[in-house]
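With the UniProt record's numbering as the guide, the letters of the sequence shown map in order to residues 1 to 107.
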Amino acid sequence: MITFKSKAGRSVDYHTNVGLQLLKMMGRDSKLPSAMFAGDVADARARLQQELQKQADEEAARDEPPANETANEDDDKPAAVSLQTRAEPLLKLLQQAQDANVGLMWE
């Protein structure tokens, strides 16, 4: 597990693989534990949002069925939770840290 912490809000926990992926998207390395200064939070948040949007656009392009095909209605598999959805608590914590001008740490 990776836990993101800031004085500005509640801690956010992620499974290691998801947490590492989010760190990479923020432009950080996978060193644990680690932290970022208050001045770096806005850039990390912007990078994360940009990478999440890029990934969502790529997934949408891949998931579009061809024009002559319709979706299979018999497909009863539950929808996977997107990384965008999983990242929402971290984005909120980053926003709170940015607003309070405090850093973020993770372990």
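Every residue, glycine too, gets a C-beta built ideally from N, C-alpha and C.
Report back the beta-carbon spacing between residue i and residue j to the nearest angstrom; my notes put them in contact at under 8 Å.
{"i": "Leu32", "j": "Ala87", "result": "The pair is not a contact, with the Cβ atoms about 18 Å apart (cut-off 8 Å)."}
{"i": "Trp106", "j": "Thr16", "result": "About 11 Å; that fails the 8 Å criterion."}
{"i": "Lys7", "j": "Ala100", "result": "7 Å"}
{"i": "Gln98", "j": "Val41", "result": "5 Å"}
{"i": "Leu94", "j": "Leu22", "result": "So it is not a contact: roughly 10 Å between Cβ atoms."}
Note down the Cα distance separating residue i from residue j, rounded to an integer number of angstroms.
{"i": "Met36", "j": "Ser30", "result": "13 Å"}
{"i": "Val102", "j": "Lys92", "result": "14 Å"}
{"i": "Arg62", "j": "Ala56", "result": "10 Å"}
{"i": "Met1", "j": "Pro78", "result": "24 Å"}
{"i": "Glu58", "j": "Lys5", "result": "30 Å"}
{"i": "Ser34", "j": "Gly19", "result": "13 Å"}
Rank the options by C-alpha distance to the C-alpha of residue i and give the top, closest one.
{"i": "Lys54", "options": "Pro89, Ser82, Ala42 and Asp13", "result": "Ser82"}
{"i": "Gln96", "options": "Ala60, Asp13 and Ala38", "result": "Ala38"}
{"i": "Gly27", "options": "Ser11, Tyr14, Arg45 and Pro89", "result": "Arg45"}
Which residues does DSSP list as the beta-bridge partners of residue i?
{"i": "Val12", "result": "Phe4"}
If we require 4 or more residues per run, which alpha helix (DSSP H) segments fall completely within the region 15-57?
Fully enclosed alpha helix (DSSP H) runs of 4 or longer: 16-25.
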